[in-house]
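Student: Chains Z, Y and P supply the protein sequences, listed in that same order. Take the first sequence: its position 236, counting from 1, is numbered 236 in this note's numbering, and each next residue is one higher. Take the second sequence: its position 111, counting from 1, is numbered 111 in this note's numbering, and each next residue is one higher. Take the third sequence: its position 46, counting from 1, is numbered 46 in this note's numbering, and each next residue is one higher.
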Amino acid sequence: MVTSKLTRRFDQISTHLVLGLFALIAIFPIAYTLMTSFKSQDEVLTRPPTFFPPTWRFDGYNTVFNSDMTRFYLWNSLFNSTLSSTVVVTLASLASYTFSRYRFRGSRALELAILGLMMIPGLTNLVPLYRIASDLGVLRPQGLNANLFISAVYTAGGLPFAIWIIKSFFDSIPIELEEAALIDGCTPVQALIRVVIPLAAPGLMAAFLLMFVDTWNEFLAALVLLNGTARTVTVGLYDFQSSFEIAYHVWTAACIVIMLPVLILFVLLRKRFFEAMLQGALKG
Amino acid sequence: MKARKIAFLVCFALIGALVFNAFGSPAAAQGGTLQIWTKFNDQNPQNTQDRWLADTLARYRAEKGVEVVNTFQPFDQINAKLNVAVQARGEVPDLSYVDSQQLGFFDQNGVLMDLTDWVKSRPWFDDLDEGALAACTTPDGKILCVPSHSAVHFLYYWTDVYPDGVPATTDAFLAKAAELKAAKPNAFAFTGKLAEKVSVERFYYNLIASYGGQIADEEGRAVWANEATMKVVEFVRELFAKGYAAQESLAPAFDNEQPFMRGEAGAFVAGSYSYVYLTPITAPDGTKFEGEITGAFDPEALSVGAALKAGKLGIAPQFAAPGGKPASLILASAWAIPMGAKNVEAAKAFIDFQMTTAENIAYSAAYGAFPALKSAGEADAFKTPYWTEVAKIQREYAIPSPTFADYDKGITLLADAIVRLITNPSLDIMATLQAAQDEYNAGLE
Amino acid sequence: MSNLTLSARAEAVQHSFSGGRKYRWLPLWLLLPSILVLLALQVYPTLYSIYLSTTRVRRGEFMYVGLANFERLLRTPSFIESLRTSLVYSTTYIILTVSLGLMLALLLNRRFKFTGFYLVIIFIPWVISEVVAGTMWRWLFQPTYGLLQSWINLYAPFLGERLYTTSGGALAIVIAAAVWRGLAFTTLLSLGALQTVPQEIIESASLDGASRFQRFFSVILPQIRPTVLVMILLTSIQSINSVGLIFSITRGGPGGATRTAAYYLLQIGWEQGDFGTGAAVSVILFMINITLTIAYLSIIGRRRD
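Here it is, written out as structure tokens:
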């Protein structure tokens, strides 16, 4: 009895130590970046390096908030991420529902083929996508078309994964509820909207968040397909770096500004997200 | 309730972003406007070059009534993006900034319009500096771009460290570096961009040339596996092995300039434009120089300018082979009209505007390079001690860029091979250079 | 709830649904939007890529060259080396993310206080973009001014004096950053799997006197084996295709030491403007992925039985 109590105590302490260490590692680079963003240009790189700023300055943030980052890029990213995540979740819900509830000739093969698309590296398609975009004439540096196009690209990129996740949620919903709805005279689409989707809401939200974060952080397609004021936050970072110089404190301030919106979204939705992911996502 | 709230938030975000997107962006381009691509950001000016472009476009609009829409392209993407745009026959700008050293690549891929006859017919043609013009001329005599200014690379040094100037040869430099290291183990004799492709333009090619070597022949084949390159590698290996050069020299981006700006490295491979961004700077003895804003001329020039005036900072050609002559690759910034441009006449009119003496002075001063128009080079702004020295280095030591058709591939392969030889001292020099050379030449088939 | 009952239920649903003749084409209508989007923006560009891989640009013209690009690539030393780098990068990344993820999940599954808090903190790196994360890591390891590098020099000099500018060190930094960012996902997946393992199984094993490690390998691991396999395949595909971190930390340097095949594709097919060769690299990468996918699908398929 005594030993088991001791063991438990030891377990508790060692668990906290290890988890605490990993939490520290996870947060450390971010904390360092945050500290750097409050320094002045020549306090950033010193020998020996320092963690805290000697004096707290907001020059970096001043520059960022008076730049295209807050005028255009944040809004473009918000637009792309919201639009493509919404469309992905909608389309994927319809498709997953079919895969989950119907079987027709070739349905399994089709499902596997769509999952297989997940394995195409995004990089493969850059040059072809550029040519499609240029044929459609959406590469103009200003306006909405470029962002609509890239949202479509993100939608196509995220669909297979979303279908996979959402289907596993639909699979876990008992069909008796739908059958009851059908008997009550609902059409299958009504049954989907009124019965299945509310039950699978946490799963849809998890898919939405996964998609939103991925889109927000995407870099290469945005680098290739977007110009001028149509660019997104990750590519917009380039504004703070010219061919000859980089203002470290401005760059880090921009990094912090860029990561804040998704961080906030994540912290707000975390409970539902973890619940959903832990109860059933990604089980094939 | 919850679902509705979320739906509302989503709609709100979408509409908000949409409104910003539609109304926030500047007026969409119409038929009469000129579309240009540059690596300068006039919408969101962060440095002198950005501000210069914003001013110039405003001036052009005021004088000629033509709207110029600039698309900012990241400096390390602009050449690649121009190429892709032309190949895809897509949204090609009417006029674009190009780096002259990419000429062979542009020529091979048919990216730029041939401007030979037009350029020769212009009033400013006779005023063009020969070196700058040569940088825009292909080996078979086609003029594909119009140079605005040209830059060479040389050394900035702290006189605290090198009171008698930087030793002129590699041997003498190593001897001096050993002396410095013994006196101050924490300091570096030298820093500079010695990794990635640009290191070839800024350093390796120049040194190889001073040893009498070449890296490309007339047909554009790689020939860098030679005695001269080997000597250069041996020299650079020693710089790093003995700790004379700051390790930042091997890092990507701009880390390499920091040891010099903090007075920890005695000498720095700089371009004529480097004074633009070296601010603030601190001399090894702790004297700090900070630029202040004065008039239209580059405000940040004054950090370097003040240090020069105080006698703390000096300029010298890059060191050369014992008994050899220093060399420096000449890099021109130029305007070019891509294939498929819709508004060629407007583009030409803008080039004409740019090639006036006053405009050429403004652009060159903001960029920090020597004007391509001889008349502009005569201006007071370029008669300061700094520019006199730069002009002399450019006149005496400039060499043309290597003739690789796959330019980036060529200099990337060479730079990678040299860096690998530095970081792995047990590699055989000749074999490694030869392998990289064979790889480049095999790609030409 | 095991997967077996789920799919059995799904079978039952299909029977009851397919009855209505009126909705015979409904599945098609539900699937159509997704299929169209995927055809236009995934399938077509991929086919286009395959076509591009048989061409070469000269003077603005795309000329058909057959398989010459592939042939040349396989003779190109830096491409072969990039494949080798990819292998090292991916293998290390997979082993580390999966094993550390499992370890963290086991600890979190003990459900002591603050478990939720730790989970959130560990998940934060995943939210941050590769470009931003890469910049952070790069500055921490700068040879002269990097904070972590200076701590290493002070307290752990055996790790290396200037990791960032040595070939092994640079690769280690890139991998560390990738693991830092990828760990969140494997931890979460492992935790999800562990929570499906009934507590009685774990306890009955401990009554038998099984030691901790034995218990893990003989009792827990077999139960979550499918999830572990899914994780291995997901992380391997992820690591083979990822370039963002390498782009922002080392740009493939020093001297090509961190240039994976995917990064080679970015350099040659985009930055250096050699579309044909770039497309050939992408076809090769695609084949590697397809091989992994088939392996993955066969595992899923096996689980369905």
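We treat Cβ as the ideally placed atom computed from N, Cα and C, and that holds for glycine. All figures in this text were calculated on a predicted structure; none of them were measured in a lab.
Contact check, Val179 of chain P vs Leu292 of chain P under 8 Å by CB: the rounded distance?
Tutor: About 20 Å separates the two Cβ atoms, so there is no contact after all.
Student: What does the alpha-carbon distance come out to for the pair Ala336 of chain Y and Ala327 of chain Y?
Tutor: 27 Å
Student: Please determine if the region 253 to 273 of chain Y and the region 147 to 162 of chain Y are in contact, where contact requires at least 3 C-beta pairs separated by less than 8 Å.
Tutor: yes
Student: Based on DSSP bridge pairs, tell me the residues matched to Thr449 of chain Y.
Tutor: With chain Y represented from 1 up to 445, any question about residue 449 of chain Y goes unanswered, as that position is not in the structure.
Student: Smallest Cα separation from Ala362 of chain Y: which of Y:Asp42, Y:Gln35 and Y:Gln49?
Tutor: Out of Y:Asp42, Y:Gln35 and Y:Gln49, Y:Gln49 has the C-alpha closest to the C-alpha of Ala362 of chain Y.
Student: Counting pairs of Cβ atoms below 8 Å between the region 67 to 76 of chain P and the region 85 to 102 of chain P, do you hit three or more?
Tutor: These segments do not touch.
Student: With the cut-off set at 8 Å, would you say Leu26 of chain P and Pro188 of chain Z are in Cβ contact?
Tutor: Taking 8 Å as the cut-off, the Cβ atoms of Leu26 of chain P and Pro188 of chain Z count as close.
Student: Let me confirm a value: Ile290 of chain P is counted as buried when at least 16 other C-beta atoms fall within 10 Å, else exposed. Which label applies?
Tutor: exposed
Student: Say whether the region 246 to 256 of chain Z touches the region 94 to 108 of chain Z, bearing in mind that this needs 3 or more beta-carbon pairs closer than 8 Å, one atom from each stretch.
Tutor: no
Student: Pairing CB atoms from the region 131 to 140 of chain Z with CB atoms from the region 56 to 70 of chain P, are three or more of them under 8 Å?
Tutor: Flag = no, the region 131 to 140 of chain Z and the region 56 to 70 of chain P do not touch.
Student: Just the Cα atoms here: how many angstroms apart are Ile294 of chain P and Gln87 of chain Y?
Tutor: 35 Å
Student: Would you mind sorting Ala254 of chain P into buried or exposed? The rule is 16 or more other CB atoms within 10 Å of its CB.
Tutor: Reading off the sequence shown, one finds Pro at residue 254 of chain P, where the question assumed Ala. Residue burial is scored here from C-beta neighbours: Pro254 of chain P has at least 16 other C-beta atoms within 10 angstroms and is therefore classed as buried.
Student: For Ile197 of chain Z, verify whether its CB is less than 7 Å away from any heavy atom of the ligand GTP.
Tutor: Although the ligand GTP was asked about, the structure shown includes no ligands whatsoever.
Student: Within the same chain, show all residues whose beta-carbon is closer than 8 Å to that of Lys374 of chain Y, passing over the 5 residues directly before and after it, in chain order.
Tutor: Asp127, Leu128 and Asp129
Student: Here's the rule I'm using: 16 or more other beta-carbon atoms within 10 Å means buried, otherwise exposed. How should Tyr64 of chain P be labelled?
Tutor: Flag for Tyr64 of chain P reads exposed.
Student: At the 8 Å Cβ level, is Ser298 of chain P part of the contact set with chain Y, yes or no?
Tutor: no
Student: For the beta strand (DSSP E) containing Gly309 of chain P, list its first residue and its last residue.
Tutor: Look at the range of chain P in this structure, 1 to 305, and you will see that residue 309 of chain P is not part of it.
Student: Drop a sphere of 10 angstroms on the beta-carbon of Gly182 of chain P, count the other beta-carbons inside from all chains shown, and report buried for 16 or more, exposed for fewer.
Tutor: The residue is buried, with at least 16 neighbouring Cβ atoms inside 10 Å.
Student: Taking the C-alpha atoms as reference points, what is the distance between Ala267 of chain Y and Gly165 of chain Y?
Tutor: 10 Å
Student: If distances are taken between C-alpha atoms only, which option among Y:Gly286, Y:Gly324, Y:Leu444 and Y:Pro322 comes closest to Ala307 of chain Y?
Tutor: Nearest neighbour of Ala307 of chain Y by Cα position, chosen from Y:Gly286, Y:Gly324, Y:Leu444 and Y:Pro322, turns out to be Y:Gly286.
Student: Taking buried to mean at least 16 other C-beta atoms within 10 Å of its own C-beta, is Ile165 of chain Z buried or exposed?
Tutor: Buried.
Student: Using beta-carbon positions only, say whether Leu329 of chain Y and Leu250 of chain Y come within less than 8 Å of one another.
Tutor: no
Student: Under the DSSP definition of a beta bridge, which residues are partnered with Tyr156 of chain Y?
Tutor: DSSP, once it has assigned bridges, lists Y:Phe268 and Y:Ile315 as partnering Tyr156 of chain Y.
Student: In whole angstroms, give me the CA-to-CA distance for Leu107 of chain P and Leu19 of chain Z.
Tutor: 8 Å
Student: If Thr432 of chain Y sits next to Ala417 of chain Y, beta carbons under 8 Å apart, how far is it from one beta carbon to the other, in whole angstroms?
Tutor: 5 Å
Student: At a Cβ threshold of 8 Å, is Glu439 of chain Y touching chain P?
Tutor: yes
Student: Whose C-beta lies closer than 7 Å to the C-beta of Leu421 of chain Y among residues of the same chain, with five residues either side of it excluded?
Tutor: Val233, Arg237, Leu427, Ile429 and Thr432
Student: With H, G and I counted as helix, E and B as strand and the rest as coil, what does DSSP make of Arg262 of chain Y?
Tutor: coil
Student: Less than 8 Å between CB atoms is the rule here; does Leu414 of chain Y satisfy it with respect to chain P?
Tutor: no
Student: I'd like to know whether the C-beta of Phe240 of chain Z is nearer than 8 Å to at least one C-beta of chain Y.
Tutor: Residue contact check for Phe240 of chain Z against chain Y: a CB pair falls below 8 Å.
Student: Please list the partners that Glu201 of chain Y has in chain P, where partner means a Cβ-to-Cβ separation under 7 Å.
Tutor: Simply none; closest approach about 16 Å.
Student: Can you give me the C-alpha to C-alpha distance between Thr234 of chain Z and Cys186 of chain Z, rounded to a whole angstrom?
Tutor: 46 Å
Student: Classify Ser148 of chain Y as helix, strand or coil using the three-state DSSP reduction.
Tutor: strand
Student: For Ala435 of chain Y, which residues from the same chain have a beta carbon less than 8 Å from its beta carbon, with the 5 sequence-adjacent residues on both sides left out?
Tutor: Ala417
Student: Output the distance between the C-alpha atoms of Gln149 of chain P and Gln247 of chain Y, rounded to the nearest integer angstrom.
Tutor: 12 Å
Student: With distances taken Cα to Cα, identify the nearest neighbour of Ala341 of chain Y among Y:Ala58, Y:Ser96, Y:Pro147 and Y:Ala187.
Tutor: For Ala341 of chain Y, the nearest C-alpha among the options comes from Y:Ser96.
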